[in-house]
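Residues in the sequence shown are numbered consecutively from 1048, following my numbering.
Heads up: the structure comes next, in structure tokens.
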Amino acid sequence: MDRKEREAGKGMSFRRILDNTMSILLWITALSLVLLVFGLIAYIFFRGWSALSWEFITQPPRDSMTKGGISTPLVGTFQLVVLSMIFALPVGIATGLFFAEYSSGGTFTHLLRLAVRCLAGVPSVVFGLFGLSLFVIMLGLGSSLISASLTLACLVLPLIITSAEQAFLAVPQDYRDGSYALGATKWQTVYKVVLPAAMPTVITGAILSIGRVAGETAPIIFTGAAFFTPEIAKSIFDEVMALPYHILVLATAGTNISETRHIQYGTVLVLLALVLGISSIGIALRNHYRKCSR
């Protein structure tokens, strides 16, 4: 064996050792993350399972929130999610469609994309202050369900726009060319070909947005969250209780924190179940559209 062959053998051995080492490190990192997540869920479950009952889900809080259930903040969270998605999804999908299919790619479009990317990194508390200034004060909507929902819609718009744009760009150009060859117009191609093909990825972005809306606290504190209200919001101009803010109140502002600890962890469990349930529905819809597009 000459010198070059020995050097090549050493190089291959080094690369093999490096590859195995990095694989082990990645496996350890992934396993640690999984164990950490399941450990947190187990900790929350064992601390809060005693509070779970049918009455806990269906009864409103009472006695300074040291007794009763979470029906009012649970319904309020649903109201915030639904109303914010009604505002955010059409605007976000339409904007992503404009970037992917109709924009010319000039300076104006580049600046718009840059603005969207920058907004995605803005802290949620800044959106809360923005909603307070614009919706609550300037537009005169007050601290209400509509103000909180519009603020949350602004919060998740960058995520929806980016995921929608990437979904439309991922559709093969052959699909569009085939549609044009059959005599379809631009809008017919987008509506009949591009949208169905991109729908699974668009739904995935919507799932992520719903999860973020359901778990946000800072934006709704400034715009519509109530410390306590005995009834659910019956108008879009009423204040609303929400699970994330209710958890914060139980953890920091209760009359006796030790008495509400199990209620706090039980509320966290319900919030986790809510987010997982919404995500499961979204995954089912994504799989359905994926099968239909094949």
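Using N, Cα and C, we set each Cβ at its ideal position, and we do this for glycine too.
The structure presented is a predicted model; accordingly, all values stated were derived computationally and were not measured.
Classify residue i: buried if its beta carbon has 16 or more other beta carbons within 10 angstroms, exposed otherwise.
i, result
"Q1235", "exposed"
"C1165", "exposed"
"T1209", "buried"
"V1084", "exposed"
"F1269", "buried"
"A1331", "exposed"
"V1173", "exposed"
"G1086", "exposed"
"G1252", "buried"
"V1218", "buried"
"P1108", "buried"
"F1035", "Residue numbering for the chain in the displayed model covers 1048 to 1341; residue 1035 lies beyond these limits and cannot be assessed."
"I1075", "exposed"
"G1225", "exposed"
Tell me whether residue i sits in a helix, a strand or coil according to DSSP, three-state version.
i, result
"G1168", "coil"
"L1321", "helix"
"L1188", "coil"
"P1205", "helix"
"A1217", "coil"
"G1175", "helix"
"G1152", "coil"
If you draw a straight line from the C-alpha of residue i to the C-alpha of residue j, how long is it?
i, j, result
"I1325", "H1293", "20 Å"
"I1250", "S1060", "46 Å"
"L1229", "Y1222", "11 Å"
"Q1106", "L1072", "48 Å"
"A1100", "F1274", "Ala is not the amino acid found at residue 1100; the sequence shown has Ser there. Straight-line Cα distance between these residues: approximately 23 Å."
"I1267", "P1277", "18 Å"
"G1095", "Y1227", "58 Å"
"L1239", "A1231", "Per the sequence shown, residue 1239 should be read as Lys rather than Leu. Taking the straight line joining both Cα atoms gives about 9 Å."
"L1065", "E1102", "57 Å"
"K1233", "S1190", "43 Å"
"A1167", "R1160", "11 Å"
"H1335", "I1328", "11 Å"
"G1313", "S1097", "8 Å"
"D1296", "Q1311", "For the record, residue 1296 in the displayed sequence is Val; it is not Asp. Cα-Cα distance, rounded: 9 Å."
"T1248", "H1309", "38 Å"
"F1182", "S1196", "10 Å"
"A1077", "G1116", "37 Å"
"P1170", "T1113", "32 Å"
"L1130", "R1062", "54 Å"
"S1150", "V1163", "15 Å"
"A1261", "M1132", "11 Å"
"S1194", "I1184", "10 Å"
"V1315", "I1091", "7 Å"
"I1207", "L1121", "24 Å"
"A1036", "E1263", "Since the first residue of the chain shown is 1048 and the last is 1341, residue 1036 is not available in this structure."
"L1188", "T1299", "28 Å"
"I1279", "D1110", "17 Å"
"N1067", "R1333", "36 Å"
"V1317", "P1205", "27 Å"
Can at least three beta-carbon pairs, one atom from the stretch 1121-1129 and one from the stretch 1278-1291, be found at a separation below 8 Å?
yes
Any chance the stretch 1196-1209 sits against the stretch 1232-1246, with 3 or more Cβ pairs inside 8 Å?
no
At 4 residues or longer, what runs of the alpha helix (DSSP H) sit wholly inside the stretch 1094-1147?
1101-1105 and 1118-1144
Can you list the alpha helix (DSSP H) stretches of 4 or more residues lying completely in the stretch 1229-1304, in chain order?
1233-1236, 1242-1262, 1265-1270 and 1290-1299
Taking one C-beta from the stretch 1254-1262 and one from the stretch 1308-1326 each time, how about it: are there three or more such pairs within less than 8 Å?
yes
Touch test, the stretch 1186-1200 against the stretch 1132-1149, Cβ-Cβ under 8 Å, three pairs minimum:
yes
Counting Cβ pairs, one atom from each stretch, are 3 or more of them under 8 Å apart for the stretch 1150-1159 and the stretch 1168-1185?
no
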